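Here this note's numbering is used: the first residue of the sequence shown is 750, the next is one more, and so on.
The C-beta atom is built at its ideal place from N, Cα and C for all residues, glycine as well.
Computed from a predicted model, the values in this text were never measured in an experiment.
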Amino acid sequence: MTILHGCVADDFTGAVDLAGNFAARGLNAVVITEPDSALHELPSDTEAVIIALKTRTAAPDAAVRQSVDAFRRLSEAGARQLYFKYCSTFDSTEHGNIGPVIDATLAELDLTTTIVVPSFPGNGRTVRDGQLSVWGELLEHSSMRHHPLTPMTESDVRLLLSRQAQTPVDFIELATVRDGVDALRAALERASSPSAVVIDAVTDADLTTIAAAAAGLRFVTGGSGLALGIPVPERRAAETPRLAALAGNRVILCGSASTRTQEQVQAAKKAGFLSLQVDPRAGTEQIASIVRWARESWAERPDVPVLVYATGSPDDLAIDDASAHADAADRIERTLAEAAAALIDAGAVEVISAGGETSGRIVTELGISSLKLGQPICPGVSWARATTADDHVINLALKSGNFGSTEFFVEAWDELA
750 MTILHGCVAD DFTGAVDLAG NFAARGLNAV VITEPDSALH ELPSDTEAVI IALKTRTAAP
810 DAAVRQSVDA FRRLSEAGAR QLYFKYCSTF DSTEHGNIGP VIDATLAELD LTTTIVVPSF
870 PGNGRTVRDG QLSVWGELLE HSSMRHHPLT PMTESDVRLL LSRQAQTPVD FIELATVRDG
930 VDALRAALER ASSPSAVVID AVTDADLTTI AAAAAGLRFV TGGSGLALGI PVPERRAAET
990 PRLAALAGNR VILCGSASTR TQEQVQAAKK AGFLSLQVDP RAGTEQIASI VRWARESWAE
1050 RPDVPVLVYA TGSPDDLAID DASAHADAAD RIERTLAEAA AALIDAGAVE VISAGGETSG
1110 RIVTELGISS LKLGQPICPG VSWARATTAD DHVINLALKS GNFGSTEFFV EAWDELA
């Protein structure tokens, strides 16, 4: 087995997102959550390994410790190139941990240079002149400005990173990328040392150029889009197995407070999905009532997924204090994670989880150690097959809050064979 790419993702939705993009390039990718055991049980044809962490909003010290340990394990397993995957909207304030993780990983590997490429054009995330935009709107003017945990009030990736990192930040503009692989590789060689080099990219073709120019780097960083440009051996593309629908009940567990997820919640309600909003104040005390309601809903309409959600409109976010937001988010995550386990015990076999933090909590609560990637649903989201610690086999989709069309919750089920 030759691991071409050993990756660490700072949340679980991002890990599946990255695996899906590797699969689109014809690589056999595996997502694992428990590297102690799962790294020793990889399929023999594995070419990309993604370790899913729940560190996006973790304190820098904790994120560094977990990330460096994961990279060390991947290095020991023989991974040729290491890849730190974070969100394509950066999702990290000046007190965040992307910079410290880059600093520590460079030091651990005794390296001086890496690249910083958050762009994912397929999901509208592009960097031009160092400025990160979402569907053509500067990040600081997008809905991410109001994210309850990581409000993004700056669009310049160079500034975002330099406020966190000790490693000097360098920059390569789009014109150099468009000059081709050789020109970009030469620019990387001329970059100050040490440095984390932010690179413009606005199309998939730009990502292909960047990935080719950086193929010789031991350590790269970026969003999942970078994987779409990864050079692969010339051979028949690997076929991602299509997962079959499972006989049983379906549930959507929605902890994300993003604008897009709110739209998806409203679309599911309009489509006739039975829904229940959790009370962040009640916490896990409401698990029994959630399960009772779900059982009744499934009995009434067995062919319709049930929707359990936290935020349905901007009014649900009316909390001014940041610490209160964090406390409410933690209660919601814990409630939805325990609800997931209880609902699967009650007969749910197909689950959509919306929100990176929520998805990480759910996967951990279920004791899932690895995910078998299935067919894509939309850019950045795929179905996966998983076995819980209680030996329940489920189909699971982990959706980043801002990903997917408005009709995602309604249409995702159609992708199962």
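- Per DSSP, the unbroken alpha helix (DSSP H) holding residue 1019 starts and ends at 1008–1019.
- In the DSSP annotation of this structure, the continuous segment of the beta strand (DSSP E) that includes residue 1125 starts and ends at 1119–1127.
- In the DSSP secondary-structure assignment, residue 835 is not bridged to any residue.
- A direct Cα-Cα distance of roughly 32 Å separates residue 772 from residue 916.
- The segment 1106–1114 and the segment 834–853 do not touch, with fewer than three beta-carbon pairs separated by less than 8 Å.
- The beta carbon of residue 816 is closer than 6 Å to those of 757 and 850 in its chain, skipping five residues each way along the sequence.
- In this structure, residue 864 sits near residue 966, with a CB-CB distance shorter than 8 Å.
- Listed in chain order, the alpha helix (DSSP H) elements of length 4 or more contained wholly in the segment 863–934 are 906–911 and 923–927.
- Per DSSP, residue 1030 is not a residue of any alpha helix (DSSP H), being assigned neither H nor E.
- The secondary-structure analysis by DSSP pairs residue 1112 with nothing; it has no beta-bridge partner.
- Put simply, the backbone Cα of residue 827 is about 11 Å away from that of residue 820.
- Secondary structure at residue 1041: helix, using DSSP grouped into helix, strand and coil.
- Counting only the Cα atoms, residue 949 lies some 9 Å from residue 925.
- Cβ neighbours of residue 1027 within its own chain (closer than 6 Å, five residues either side excluded): 1059 and 1084.
- Taking 8 Å as the upper bound for CB-CB distance, residue 1090 and residue 1056 are not in contact here, some 18 Å apart.
- Ranked by how close their Cα comes to the Cα of residue 1081, the residues 1122, 1024 and 1002 have 1002 in first place.
- A direct Cα-Cα distance of roughly 34 Å separates residue 762 from residue 941.
- Our two residues, residue 1079 and residue 935, have alpha carbons roughly 46 Å apart in a direct line.
- Counting the other CB atoms within 10 Å of its CB gives residue 1017 a total of 16 or more, which places it among the buried residues.
- Around the beta carbon of residue 750, fewer than 16 other beta carbons lie within 10 angstroms, which makes this residue exposed.
- DSSP links residue 803 through a beta bridge to no other residue.
- Beta-carbon to beta-carbon, residue 964 and residue 980 are separated by about 6 Å, close enough to satisfy the 8 Å threshold.
- The Cβ-Cβ distance between residue 788 and residue 753 does not fall below 8 Å.
- Where residue 770 is concerned, the enclosing alpha helix (DSSP H) starts and stops at 761–773.
- Taking 8 Å as the cut-off, the Cβ atoms of residue 1133 and residue 1123 count as close.
- Apart from sequence neighbours up to five positions away, the residues of its chain that approach residue 1093 with a beta-carbon distance below 6 Å are 1141, ordered along the chain.
- DSSP, reduced to helix, strand and coil, places residue 1134 within a strand of the structure shown.
- Just so you know, the alpha carbons of residue 994 and residue 861 end up roughly 47 Å apart.
- Taking the CA atoms as reference points, residue 907 sits about 41 Å from residue 1143.
- Here residue 871 is actually not in contact with residue 1005; their C-beta atoms are around 20 Å apart, not less than 8 Å.
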